[in-house]
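Chemist: Residue numbers (the numbering used here): 9 to 498.
Built from N, CA and C at the ideal position, the CB exists for glycine as well.
(1) Could you pull out every residue in the same chain whose Cβ sits closer than 7 Å to the Cβ of residue 458, ignoring the five residues on either side in sequence?
(2) Which of helix, strand or coil does DSSP assign to residue 231?
(3) Where residue 313 and residue 178 are concerned, what is the direct C-alpha to C-alpha distance, given to the nearest angstrom?
(4) Straight-line CA distance for residue 160 to residue 152?
(5) Taking 6 Å as the cut-off, is the beta-carbon of residue 171 closer than that to any non-hydrogen atom of the ligand NAD?
(6) What is the DSSP secondary structure of residue 428, counted as helix, strand or coil?
(7) Applying the 10 Å Cβ sphere with the 16-neighbour rule, what's the burial state of residue 291?
(8) How about residue 79 and residue 382: are their beta carbons less than 7 Å apart?
(9) Helix, strand or coil: how does DSSP classify residue 282 here?
(10) Touching or not, the segment 91-111 and the segment 132-139, by the rule of three or more beta carbon pairs under 8 Å?
(11) By how many angstroms is the C-alpha of residue 394 removed from the C-alpha of residue 110?
(12) First and last residue of the beta strand (DSSP E) that includes residue 192?
(13) Note the first and the last residue of the continuous beta strand (DSSP E) segment covering residue 215.
(14) Taking 7 Å as the cut-off, decide whether the C-beta atoms of residue 379 and residue 353 are in contact.
(15) Can you list, in chain order, the residues of its chain with a C-beta nearer than 8 Å to that of residue 94? Leave out the 5 residues immediately preceding and following it.
(16) Hey, quick one: how far does the beta strand (DSSP E) through residue 170 stretch, first residue to last?
(17) Residue range of the alpha helix (DSSP H) that residue 106 falls in?
(18) Would residue 156 and residue 173 qualify as a contact pair, given that the criterion is a beta-carbon distance under 7 Å?
(19) Compare the C-alpha of residue 359 against each of 326, 249 and 389 and name the closest.
(20) Does the Cβ-Cβ distance between residue 190 and residue 147 come in under 7 Å?
(21) Where does residue 397 fall in DSSP's three states?
(22) Answer with buried or exposed for residue 227, where buried requires no fewer than 16 other C-beta atoms within 10 angstroms of its C-beta.
(23) Could you tell me whether the Cβ atoms of residue 213 and residue 206 are closer together than 7 Å?
(24) For residue 448, name the three-state secondary structure that DSSP assigns.
(25) Going by C-alpha distance, which of 276, 385 and 479 is nearest residue 339?
(26) Are residue 483 and residue 419 touching if we call contact CB-CB under 7 Å?
(27) For residue 454, which residues does DSSP report across the bridge?
(28) Could you give the DSSP three-state label for residue 69: helix, strand or coil?
(29) How should residue 225 be labelled, buried or exposed, when 16 other C-beta atoms within 10 angstroms of its C-beta is the threshold for buried?
(30) So is residue 143 buried or exposed if we call it buried at 16+ other beta carbons inside 10 Å?
(31) If you check the beta carbons only, do residue 185 and residue 285 fall under 7 Å apart?
(32) Within its chain, find whatever has a CB closer than 7 Å to the CB of residue 301; leave out the 5 residues flanking it on each side and keep chain order.
(33) Quick one, which of 389, 425, 440 and 444 has its alpha-carbon nearest residue 451's?
(34) In whole angstroms, what is the alpha-carbon distance linking residue 164 and residue 279?
Quick look at the structure:
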């Protein structure tokens, strides 16, 4: 019969064999064969060559902002085909009992996503457009929205909505075809970041420099030039406007020699902006619609992927928990710290194979071994092994002396580190699964930051005291083997 988990069985078997060799090394037979520790070291070295190999750091290609691209209908259809494929994968990943239960909530969600696909496809042919005005407080959003609604929109019936977006964190509607980004001066860092986030989200954007009337012409042009310089790589236009210019003082000399002063309200100055809007509507309406449709398709793809991730997590977490308790038991029983590491690496290799299978990724035994070795090396280099030992060492002082003197510290720490690796792999595989096959980079050597972040997050979310109680319940209550106690004392 074939072994279901050859890496795990083989790794733990090797760890157990090395334990026996340690005993043999102290026996007459061991003395006859030479120094026992040297023999153990030689075998461990040959077994751990792959442990020292590093994965090359991946250079992930960042996709250019969607709004900078010309979008065609085929791009939308291709993205929606990907959504349908992900829905198919989701259905296949469902447990048999949920597949058979047509009243389960997951089927309602699946049906809603299918309807959304049809709606996006139908929207490609629409002729109506929507606009949104965004900007920081006191940039004149309401004034501009009112002016456009009263004076410009009546002449452009294809524009059905002009929305004013309040608050810097408010999300725009997915059906917004054009964003007017208001600023009252040179772009601040926060404004530039918000502008970039709009572009990354796929919104077509145009900048309106408001309240230009408050500057003299030379300063006004300097501000426009600075804004254009900041966004020159983003292919965004800039229009200087003044929807409600400040009143000006007018002096009139009368025939009797007296001077009469009064204020006069200048006409709104938005011609440059409306000219730009007219051009976009007349020449790029279809492109605005397709850009919106592609953004909606990508958002739909993200939603469906989240459903799939949630389903996969339900299958993945029991695997992680099973492996963390196997790691705890193995480390508790191992007589030497070096053997704990060997067993942990074998467990992590099996974790990579099993979790990879959940996320549709296939790894050979050799690939899994190399990846596990890289992760184990990262745990040591990042100091996570030491941090884990220190954290749990102080907590275990409150428990039985046999646990403190025995293998409980190593067992609990091994379980926690295995959980950290497992959660990191789940997050990593989720990110890779949304990329095209040719763009996937399984660079396990680049997971250092991820391991550190999840190590801390798990500590905060679970609480170490809770984890200790769970881990101790999976360890033997009897005292450790004598060899383990001797190794710990040494």
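Modeler: Let me spell this out:
(1) 432, 435 and 436
(2) helix
(3) Distance between the alpha carbons of residue 313 and residue 178 is about 24 Å.
(4) 11 Å
(5) Ligands displayed in this structure: none; no statement on the ligand NAD is therefore possible.
(6) Three-state DSSP puts residue 428 in a helix.
(7) exposed
(8) Contact flag unset, no.
(9) helix
(10) no
(11) 50 Å
(12) Counting along the chain, residue 192 falls outside any beta strand (DSSP E), and DSSP gives it neither H nor E.
(13) 213-217
(14) no
(15) 309, 312, 313 and 316
(16) 167-172
(17) 104-108
(18) no
(19) 326
(20) Cβ atoms of residue 190 and residue 147: closer than 7 Å.
(21) Under the three-state reduction of DSSP output, residue 397 falls in the helix class.
(22) If you draw a 10 Å sphere on the C-beta of residue 227, you find fewer than 16 other C-beta atoms in it, and that means exposed.
(23) yes
(24) coil
(25) 479
(26) yes
(27) According to DSSP, residue 454 bridges with nothing at all.
(28) In this prediction, residue 69 has a pLDDT of 32, which is less than 50 and means its spatial position is unreliable; nothing more can be read from the coordinates.
(29) exposed
(30) buried
(31) no
(32) 84, 128, 131 and 132
(33) 440
(34) 15 Å
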